[in-house]
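Asks:
Number of protein chains: 2
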Amino acid sequence: MELWYTEEWTENTRFSIKAEKQLFSAQSSFQRVDVFESKEFGRFLTLDGLMMVNDKDEFIYHDMIVHPAMATNMNIKNVLVIGGGDGGTVRELTRYPQIEKIDMVEIDKMVVDVSREYIDVCSCKLDDARVNLYFEDGVAFVKNAKDKSYDLILVDSTDPIGPGEGLFTVDFYNDCYRILSDEGILVNQNESPYFESYAREMKRSNSKIKDIFPISKVYQFHMPTYPSGHWLFGFSSKKLDPIKDHNKETWENLNLNTKYYNSEVHKGAFALPEYVKDMLDAK
Amino acid sequence: MELWYTEEWTENTRFSIKAEKQLFSAQSSFQRVDVFESKEFGRFLTLDGLMMVNDKDEFIYHDMIVHPAMATNMNIKNVLVIGGGDGGTVRELTRYPQIEKIDMVEIDKMVVDVSREYIDVCSCKLDDARVNLYFEDGVAFVKNAKDKSYDLILVDSTDPIGPGEGLFTVDFYNDCYRILSDEGILVNQNESPYFESYAREMKRSNSKIKDIFPISKVYQFHMPTYPSGHWLFGFSSKKLDPIKDHNKETWENLNLNTKYYNSEVHKGAFALPEYVKDMLDAK
């Protein structure tokens with residue numbers, strides 16, 4: 001027999017992975033959660049039939065959500081992670097000695113539990129002493145958080161359908177602005193420019209954020225197991241610019257031995273193709 | 284009924300496109316040639332079951348094979364294209380008024396004939412007065428070409444299995460070096476770093492070229508319909524460096540209205556992820 005996991009990238013496009021076996025499958029209060037074992041990608045975790053993380057390329061996503069912001073503001077002490085239940089984002093954050101507190105707000109406890117059991121490469125630092133886990137709605141969490149209480153917010157969310165929906169709203173972004181310190185940075189999962197449904201959400205979220213943050217840019221990376229492999233994060237801040245304020249030497253002196261991110265990638269990631277720029281600039 | 288075109292990206296990974304119908308299918312002397320019509324990607328041409336071009340993203344590949352070299356040496360007059368039977372590479376070259384001659388050497392006439400009939404978006408400039416078509420083996424063609432007779436060679440080949448194999452050999456690269464002018468540039472299809480079989484060929488061809496050309500770099504682009512979506516070209520030359528010798532203003536004054544390439548992408552494309560650099564640097 002053969003067992004194939006198939007993901008619909010669009011109605012007319014499919015990506016399939018040969019699985020050795022299914023290790024976990026359950027419906028949480030929020031979504032369907034699955035874990036598979038495969039030869040090509042090792043273990044992989046999916047939510048509602050969409051790839052979240054796998055052993056082969058989780059390092060790309062987690063490098064790129066964390067390091068560009070950290071290399072822009074080397075004084076980040078208090079971090080808020082919204083979503084990110086697998087733990088990979090927290091793992092990368094714990095590599096920075098200057099970080100004092102990491103609050104992670106994941107709405108679905110099952111994702112964390114499953115990652116702890118099956119995806120050790122991501123969940124391995126969730127017990128770091130600086131990490132506080134909250135199993136709550138991220139939208140409500142930021143609404144109740146104090147002004148200027150975080151230096152960095154990382155929105156490590158699913159797509160804006162299902163539990164991630166509220167994390168793509170003006171109210172949510174306004175609260176993020178309010179609770180960020182003066183040198184604070186917001187990084188948000190910003191979808192993809194290639195397939196139409198993803199491009200629509202990319203444009204919508206970017207257009208909302210641009211109206212709120214004085215500095216708002218988008219950067220890209222090669223993420224082969226996400227639809228089209230061309231994925232984006234938003235970088236927004238009250239005053240720091242990821243290129244002008246890039247602390248190349250200070251960051252390099254940390255010797256983090258990253259596998260995707262480096263100082264050249266930091267700059268190159270913000271060099272968007274013409275068709276992506278056109279989409280983001282369109283009214 | 285549903286008709287699905289499925290490509291094996293690896294033994295354990297598949298990419299599938301829902302097709303409306305198959306427009307052409309034949310076995311040439313060299314390979315199997317197919318054309319399909321689809322909603323998501325428009326028309327697409329495959330060779331031996333591998334995606335070559337489609338309406339949706341051919342512009343990315345053809346922008347990136349042509350413009351980085353042209354923006355580095357604005358005096359390119361004589362160009363040799365090896366492969367590229369669909370015509371998209373030639374189309375982009377014909378946009379430069381300074382180019383006087385484009386020799387295109389495609390081993391398989393059927394690819395050109397099929398592209399002329401079905402893929403007009405690519406083949407539309409094959410009758411430009413500066414274009415000379417040769418239906419010959421590219422390896423023999425460069426062996427017989429005169430010293431320093433081209434300013435630019437673009438190796439727009441299939442993978443190194445089947446008819447493209449000879450275009451990944453030391454002999455071929457040595458002939459390319461010999462027939463390039465002193466300011467000449469070689470751009471070669473350099474595979475992909477992500478899946479193992481492609482990464483192996485990426486390393487092999489890069490390692491051969493590095494021993495021959497004083498300047499040899501690799502640059503990347505987001506090509507969603509190629510395996511992993513992370514694709515590379517090699518940029519090699521006798522003395523011009525794509526970053527130091529980048530003619531940003533002169534190129535921009537041409538107002539070519541490219542859809543993927545721009546002057547920021549020119550620089551950013553050479554900023555390779557750490558794991559790709561490690562692979563290329565490994566002995």
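Protein chains in written order, with the working numbering: chain A, 1 to 283; chain B, 284 to 566.
Positions of the beta carbon are idealized from the N, C-alpha and C atoms, including for glycine.
1. What's the gap between the Cα of ASP281(A) and the Cα of THR541(B)?
2. For the alpha helix (DSSP H) that contains HIS67(A), what are its first and last residues?
3. Is it the case that the Cβ atoms of LEU330(B) and GLN305(B) are separated by a distance below 7 Å?
4. So that I know if they touch, is there some Cβ in chain A lying closer than 7 Å to that of HIS505(B)?
5. List, in chain order, every chain B residue whose beta-carbon is nearer than 8 Å to that of GLU58(A).
6. My understanding is that ASN262(A) touches GLU557(B), with C-beta atoms under 8 Å, so please give their C-beta distance in whole angstroms.
7. Closest Cβ-Cβ distance between GLY229(A) and chain B: below 7 Å?
8. List, in chain order, every chain B residue whose beta-carbon is nearer than 7 Å to that of ARG14(A).
9. Against TYR477(B), what residues of chain A qualify as contacts under a CB-to-CB distance less than 7 Å, listed in chain order?
10. Just to confirm the assignment, what range does the beta strand (DSSP E) spanning TYR226(A) have?
11. Give the range of the alpha helix (DSSP H) segment to which ASN257(A) is assigned.
12. According to DSSP, is TYR150(A) helix, strand or coil?
13. DSSP state of LEU126(A), grouped into three classes?
14. If we count the other Cβ atoms within 10 Å of its Cβ and call it buried at 16 or more, is ASN489(B) buried or exposed?
15. Excluding the five sequence neighbours on either side, which residues of its own chain have a C-beta within less than 6 Å of the C-beta of TYR288(B), listed in chain order?
16. Per DSSP, SER16(A) forms a beta bridge with which residues?
17. State buried or exposed for GLU106(A), treating a residue as buried only when at least 16 other CB atoms are found within 10 Å of its CB.
18. Rounded to the nearest angstrom, what separates GLU532(B) and ARG399(B) at their Cα positions?
19. Less than 7 Å between the beta carbons of SER197(A) and TRP231(A), yes or no?
20. Please check if any C-beta of chain B sits within less than 7 Å of the C-beta of LYS217(A).
21. Residues of the region 527 to 546 of chain B in Cβ contact with chain A at a cutoff of 8 Å, in chain order, please.
22. Chain A partners of SER321(B), CB-CB under 7 Å?
23. I need the DSSP call for LEU463(B), collapsed to helix, strand or coil.
24. Do you know offhand how far GLY84(A)'s Cα is from LYS238(A)'s?
Replies: According to the data block:
1. Along the first sequence, one-based indexing puts residue 281(A) at 281. Along the second sequence, one-based indexing puts residue 541(B) at 258. If I take the Cα positions, the gap works out to 16 Å.
2. In the first sequence, counting from the first residue as 1, residue 67(A) sits at position 67. Annotation: the continuous alpha helix (DSSP H) that includes HIS67(A) extends over 58 to 70.
3. Walking along the second sequence from the start, residue 330(B) turns up at place 47. Walking along the second sequence from the start, residue 305(B) turns up at place 22. The answer is no: Cβ separation not under 7 Å.
4. In the second sequence, counting from the first residue as 1, residue 505(B) sits at position 222. Taking 7 Å as the threshold, the shortest C-beta distance from HIS505(B) to chain A falls below it.
5. In the first sequence, residue 58(A) corresponds to position 58, counting from 1. By Cβ distance, chain B contributes nothing, its closest Cβ being about 13 Å from GLU58(A), past 8 Å.
6. Residue numbering aside, residue 262(A) sits at position 262 when the first sequence is read from its first letter. Residue numbering aside, residue 557(B) sits at position 274 when the second sequence is read from its first letter. Between GLU557(B) and ASN262(A) the Cβ distance is about 5 Å, and since that is below 8 Å, they are a contact.
7. Residue numbering aside, residue 229(A) sits at position 229 when the first sequence is read from its first letter. Using a CB distance cut-off of 7 Å, GLY229(A) counts as an interface residue toward chain B.
8. Position 14 of the first sequence, counted from the first residue, corresponds to residue 14(A). Those within 7 Å of ARG14(A) in chain B are SER299.
9. The residue given as residue 477(B) occupies position 194 in the second sequence. Chain-ordered, the chain A residues with CB closer than 7 Å to the CB of TYR477(B) read PRO224.
10. Position 226 of the first sequence holds residue 226(A). Counting along the chain, TYR226(A) falls outside any beta strand (DSSP E), and DSSP gives it neither H nor E.
11. Reading the first sequence from its first residue, position 257 is the one you call residue 257(A). Where ASN257(A) is concerned, there is no enclosing alpha helix (DSSP H), given that its DSSP letter is neither H nor E.
12. For the purposes of this step, residue 150(A) is identified with residue 150 of the first sequence, where counting begins at 1. Residue state, collapsed to three classes: strand.
13. Along the first sequence, one-based indexing puts residue 126(A) at 126. It is coil, neither helix nor strand.
14. On the second sequence, position 206 is the one that residue 489(B) refers to. The residue is buried, with at least 16 neighbouring Cβ atoms inside 10 Å.
15. Start at 1 with the first residue of the second sequence, and residue 288(B) comes out as number 5. Excluding its 5 nearest sequence neighbours in each direction, TYR288(B) has C-beta neighbours in its own chain below 6 Å: ILE300, ALA302, PHE319, listed in chain order.
16. On the first sequence, position 16 is the one that residue 16(A) refers to. Beta-bridge partners assigned by DSSP to SER16(A): THR6(A), ARG297(B).
17. Counting from 1 along the first sequence, the entry for residue 106(A) is found at position 106. By the neighbour-count rule (16 or more Cβ atoms within 10 Å), GLU106(A) is buried.
18. In the second sequence, residue 532(B) corresponds to position 249, counting from 1. In the second sequence, residue 399(B) corresponds to position 116, counting from 1. The straight-line gap from Cα to Cα measures roughly 35 Å.
19. On the first sequence, residue 197(A) is found 197 positions in, with the first residue counted as 1. On the first sequence, residue 231(A) is found 231 positions in, with the first residue counted as 1. Taking 7 Å as the cut-off, the Cβ atoms of SER197(A) and TRP231(A) do not count as close.
20. Counted from its first residue, the first sequence places residue 217(A) at position 217. With respect to chain B, the C-beta atom of LYS217(A) has no partner C-beta closer than 7 Å.
21. Using a CB distance below 8 Å, the part of the region 527 to 546 of chain B facing chain A consists of THR541, LYS542, TYR543, TYR544, ASN545, ordered along the chain.
22. The residue labelled residue 321(B) in the question sits at position 38 within the second sequence. What SER321(B) touches in chain A, judged by beta-carbon distance under 7 Å, is ASN12, going in chain order.
23. Numbered from 1 along the second sequence, position 180 holds the residue referred to as residue 463(B). Strand, per DSSP.
24. As a first step, residue 84(A) must be located in the first sequence, where it is residue number 84. As a first step, residue 238(A) must be located in the first sequence, where it is residue number 238. Straight across, the Cα-Cα distance linking GLY84(A) with LYS238(A) is about 24 Å.
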